[in-house]
Structure formats: C-alpha cells, structure tokens
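Data block below; observations after.
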Amino acid sequence: MRDLFREGLKLGESLAKLPWEAARRLGGDSETVRHAANLGERLGTLPFRAASALLGPGAAGAQPGAEARAPGGTGTGAGPATPPKRVVVLGAGYAGLSSFLELQEHLPRGYEVVLVNGDKYHWFTTELHTYVAGEAPDAVRVPLSRVVARPGRLVVDRVSHINAEAKRVELASGDVLAYDYLVFALGSDPEYFGLPGVAEHSLVAGNWQAATHLRNRISAMLEHHGVDDPLHVVVAGGGLTGVEVAGELADEYGARVRLTLVEAGPDIMAGFAPELVRTAREVLEGKSIAIRAGNPIARVDEKLITYKDGDKMAFDVLVWAGGVRGSGTLAESGLALTPRGRAKVDSCLRAVGHHEVYVVGDSASFLDPGTGRELPPTAQAAVQMGRAAGLNLIHRLKGRAEVPFVPNIKGAFASLGRKQGVGQMGDEQFTGVPALLIKNLIESHHAWETGGGVMPLVGRLLRGPQRYLRGTAQQRPAFRPAARRTAPAARAEVRHQ
Ligand SMILES: Cc1cc2nc3c(=O)[nH]c(=O)nc-3n(C[C@H](O)[C@H](O)[C@H](O)COP(=O)(O)OP(=O)(O)OC[C@H]3O[C@@H](n4cnc5c(N)ncnc54)[C@H](O)[C@@H]3O)c2cc1C
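Using my numbering, the first residue of the sequence shown is number 68, and each one after it goes up by one.
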C-alpha cells in the first residue's frame, strides 16, 4: 500500500509541475505563474487523495507530510509547525538569478527563498555597452516579476551591510533580513588599482546605474560637440568590456566622437588567439578607434590622463573598464577576502569559514581545479557558479552530499560594434557575422534559461539582425597613427615634453 502512495506521490509531483512550468516557459506574468502554481498544487494532490480515499488515510502514515506540492505553491497539507527556514539570495544578475531559479523550483518543504535586488529587473550586463550607446532599456533587461513565483519572493532594495556572524542582511530601507542560508551574488565594483584620480574622474559601464550615468553624460556632452569638434572618449581597458563599449560607441556616434582605447598590457583582448586579436584591431581601427597599448595610465586629473612614461592626453569622457573587484558590500561582512575584495570559496562554492554562505559570480574567488588559477569574472562563469551553488544548497537541505563545482568554460565572444565580432570556442575561431550570430544565440539561450519566457527569447533572437540592419553612423576615414595629431582630432591631446 505504501508503494501505491509513493507512486501517487510521484505522479502528483509531476502533475503539480506541469502548469507552473508551462506558464513560466510561455512567459506568463507573475500573476499567471501564481495561478498556474495553485492549479498545479491542486492537481498534484489528486493521486494522493485518490489513494487515501481508496485505502484509508491511515495507509499514508509512513509518509509524514507526504502531500505533493507544486514548485510554486505552498502545499495544501498541514504546513510546517515552525516558521519556514529562510534562504536569501542577494543579487539578480547572472549568478544570483541562476541560483534563485534552481532554489525556487526545487526548494524542499519548510523553506522559503527570498531574492533581494536593487532593481526590479534582471539586466543583461553583457549588453550594457549597447545601452550606453543609446539602446532602449527594455532591450537589455527582463522584469523579475516574470520569473519570481512562490515559494520565491522578491525584495527590491539595496543591500547596505552583511553580518555573516549574526546571519543578517541590512537593507538601505532600514529593513533587516535574517537568513539560515545565504547566496551572495552582488557582482562587482570597479578596480582602480589605487591609481590617483581615476575613481574621481572616470565613469564605468559595469552596472545599469553606472551605465545610465555614462549614457546620459555622453549624450549631454554631445550637444556641445559635432563632427568638427568631436567628443574625445577614452576607454581605459582593452578586455571584453572596453572593446565592446568602444566598438558600440563608434557605430552609434561615428565622427561625432573620437575614440581612444587604452590598454596597460602589451595588447588588447588578452586571452584571445593572436589572429583574433589582429582581426579585432583591424576592425576597431577601421572604425577610427585609436588603440594605445603597453603604456599604463599612471594618474588622472580633471580631463587629463598622465601615462606611466610621462605622456599626457586630454579627454572629455573617460570610461574605466580596467578591471573589477568584489562587491564593496563584502568589505565588512566578516567573510575571508582576497586582496581584490573577492570572497574565498571552497570547491562547493561555500565561503571559507562560513559554510552557510555561498558566494557566486564576480564576487567569488574560486580556484579553477583545471588551471589552479582564480576563475576569471565572466557571465558564463557566473551562470555556472550560480546554478551549481543553488543545486548544492538543495542537496544539502535534502540531506544529500554536495558536489564540487567544475567550471566548463566553452569559449568567449566579443562584439566589435553592430556588424562584426570575434570569438573562439574550443579550437574553432569565428569572426565577422558568424561570431555575432553565435554571441546572439548565447544571449538568447540565457534569456530562455532565466525563464523570461518566449517573448524575451524571440526579442533576443531578433535583436542581432535588428542591430545589424540599423547600421552604423558615418565614420571618419579609418584611423591612421601618423595622422593622430592633425586638427581637429588632436585638439584634446597634449604632449608632456
Ligand atoms: C559592457 C560589458 C560587457 C561584458 N561582456 C561580456 C561578455 O561578452 N561575456 C562575458 O562572459 N562577460 C561579459 N561581461 C562581464 C559580465 O557581465 C559579468 O562577469 C557578469 O555580469 C557577472 O555576473 P554577476 O551575477 O556576478 O553580477 P551582475 O550580473 O553584475 O549582477 C549583480 C546583481 O546584483 C545587483 N546589486 C549589486 N549591488 C547591489 C546592492 N548593494 N544591493 C542590491 N542589489 C545589488 C545588481 O543590480 C545586479 O542585479 C561584460 C560586462 C560589461 C559591463
């Protein structure tokens, strides 16, 4: 008889998931998802009830609280006698949302999961460069209400302080959230390497608030600049972020901006194959972007960069894409941090010394067992970490063993404006439109996986071709190093000696 109950329970669990999953996948709003969860909850208990009616309630005695429960529902049986234990996920970026979705779907009875984010949207941070260059905000974000459903709960507030000893999170509103388990995924802050003046005189594109500020600053300043007097935008940092920002600004504003891409290392796009770096250089220089590598910035004063060799360069806007560190909210948390402010985590992504805290994404210092080095901060790594931490926590809550995280970094792709890109996946290299297409597919897949539903997926798939067809603003003649100091482009540049 117990077998019959067990089978009923299994069938009930499968039935319970169906409406919820369908509503989530089809992009229903939070209300629809909630209704679907409730319907699933009722459906899910049917086989169990049928077994009870046939065999008598006593037959289920060996299965305390054994009623099926929809993943988005609260269960219709007697709820837990004690208040639910709380899992708090901080941050709804790539890492946090990936964790949250696993938890929301598989959380065992007796737990609730709360997602805290400073904003009511999940932003596609990897596409913020397009937003900086004028893209509509809705093209690069999805409302969290689309993906949060019971037992999940969303709190829109800023995290101001974390106390790992007391297991409390303080919010900007003054509210305090106690937790039993915490997933920390608040992304990163810019790393200025202590260079004088950089923090004060530069802007960044690493999060939506900063990107909004940068976007507004550029468009406000462009009101006073034109093709005869282009705005000099210096992008400092030749990694993915810097290259994508520079390429996008060039395509959007053409001759109205003069772009310089500065890289402290010997060349841009460290880690990419030399042939791809060469292609990227050709494409960017073809957009009149001056690339200046191998001479690090030593200090920044108002509108003036001083390089390590003493050279000076005037600028109108400085975009800092020189590196990131762990979120500043970790600083006083009591967690063990690296010099770059990232929380040290073990092989299962738990904070060293605080195993009830999981740290994922840009704020985690995870030693990749494959390379022995810290896993670089990327969206791909963030999603994988987030999912792994969510699943590990579920294993733990269900009394199962946790599984060490093994990253599976498949490749890297960068857009070089709207019409070209470069990328590598395993031994394969991609350039031009195929690279852009693959990048677009990766982003679309992410939209689907985060549960935004069909509309964001379709929007994402169409976005690449739309961007391509939108074309590019008219460029100045391709950049020639020798011509760099001719008027008017040389207007802002000053030599030290
Ligand atoms: C322009 C640009 C292009 C990029 N291109 C690529 C690329 O092509 N490929 C790639 O792999 N990576 C790329 N990256 C890097 C990638 O975006 C990051 O590695 C990734 O976003 C890290 O994910 P995360 O979840 O750790 O943090 P995020 O995605 O930054 O998420 C952090 C979340 O926490 C929230 N938050 C932060 N602080 C608080 C607070 N105090 N209170 C409440 N909420 C808070 C934020 O609003 C956000 O929702 C790019 C980055 C930029 C800026």
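Beta carbons: idealized from backbone N, C-alpha and C, even for Gly.
Scanning its chain for C-beta atoms nearer than 7 Å, with the 5 sequence neighbours on each side dropped, one finds around residue 165 the residues 450, 453, 454 and 457, in chain order. Sequence-distant Cβ neighbours of residue 246 in its own chain, meaning closer than 6 Å and more than five residues away, are 153, 155 and 234. For residue 251, there is no enclosing alpha helix (DSSP H); the enclosing beta strand (DSSP E) covers residues 248 to 251. A straight line joining the alpha-carbon of residue 317 with that of residue 259 spans about 25 Å.
Checking the DSSP bridge columns, you'll see residue 480 partnered with 490. When the alpha-carbon of residue 389 is set against those of 256, 459 and 350, the nearest one is in 256. Residues 207 of the same chain have their beta carbon placed closer than 6 Å to that of residue 194, with the five preceding and five following residues left out of the count. If you check the C-beta of residue 444 against ligand 1, you find a heavy atom less than 6 Å away. Proximity of the beta carbon of residue 184 to ligand 1 is indicated: a heavy atom of the ligand is located closer than 6 Å. Relative to ligand 1, the beta carbon of residue 161 is positioned inside 6 Å of a heavy atom.
Residue 480 is a Cβ neighbour of residue 490, given a cutoff of 7 Å. In the DSSP assignment, residue 235 falls within the beta strand (DSSP E) that extends over 235 to 238. When distances are taken from the beta-carbon of residue 428 to the heavy atoms of ligand 1, the shortest one is below 6 Å. Among the bridge pairs identified by DSSP, residue 497 is matched with 490. Buried is the label assigned to residue 309, since at least 16 other Cβ atoms lie within 10 Å of its Cβ. Taking 7 Å as the cut-off, the Cβ atoms of residue 485 and residue 425 do not count as close. Taking all protein chains shown into account, residue 396 has 16 or more neighbouring C-beta atoms within 10 Å of its C-beta and is therefore buried. DSSP places residue 207 within a helical segment (H, G or I) once states are collapsed to three.
Comparing C-alpha distances from residue 510 to each of 526, 171 and 496 shows the shortest one belongs to 526. Between residue 512 and residue 385, the beta carbon gap of about 34 Å keeps them out of contact (Cβ cut-off 8 Å). Fewer than three Cβ pairs drawn from the region 208 to 224 and the region 356 to 373 lie within less than 8 Å of each other, which leaves the two stretches out of contact. Between the region 465 to 482 and the region 431 to 445 there are three or more C-beta pairs closer than 8 Å, enough to call the two in contact. In this structure, residue 226 has its beta carbon less than 6 Å from a heavy atom of ligand 1. The region 391 to 455 contains, as complete beta strand (DSSP E) runs of 3+ residues, the segments 391 to 393 and 421 to 426 (chain order). With a threshold of 6 Å, the Cβ atom of residue 272 counts as near ligand 1, since some heavy atom of the ligand is closer than that.
Residue pairing of residue 190 in beta bridges, as defined by DSSP: 208.
The C-alpha of residue 528 lies about 14 Å from the C-alpha of residue 516.
Looking at the DSSP output, residue 256 shares a beta bridge with 392.
In this structure residue 172 is buried. Its beta-carbon is surrounded by 16 or more other beta-carbon atoms within 10 angstroms. Take residue 330, set aside five residues on each side of it, and the residues of its chain with a beta-carbon closer than 6 Å to its own are 305 and 360, in chain order. With a threshold of 6 Å, the Cβ atom of residue 513 does not count as near ligand 1, since no heavy atom of the ligand is closer than that. In the three-state DSSP reduction, residue 350 falls in the helix class (H, G or I). DSSP, reduced to helix, strand and coil, places residue 215 outside both helices and strands of the structure shown, so it counts as coil.
DSSP, read as helix, strand or coil, puts residue 336 in coil. Relative to residue 205, the option among 191, 217, 214 and 215 whose CA is nearest is 191.
Measuring C-alpha to C-alpha distances from residue 400 to each of 230, 335, 383 and 411 identifies 230 as the nearest.
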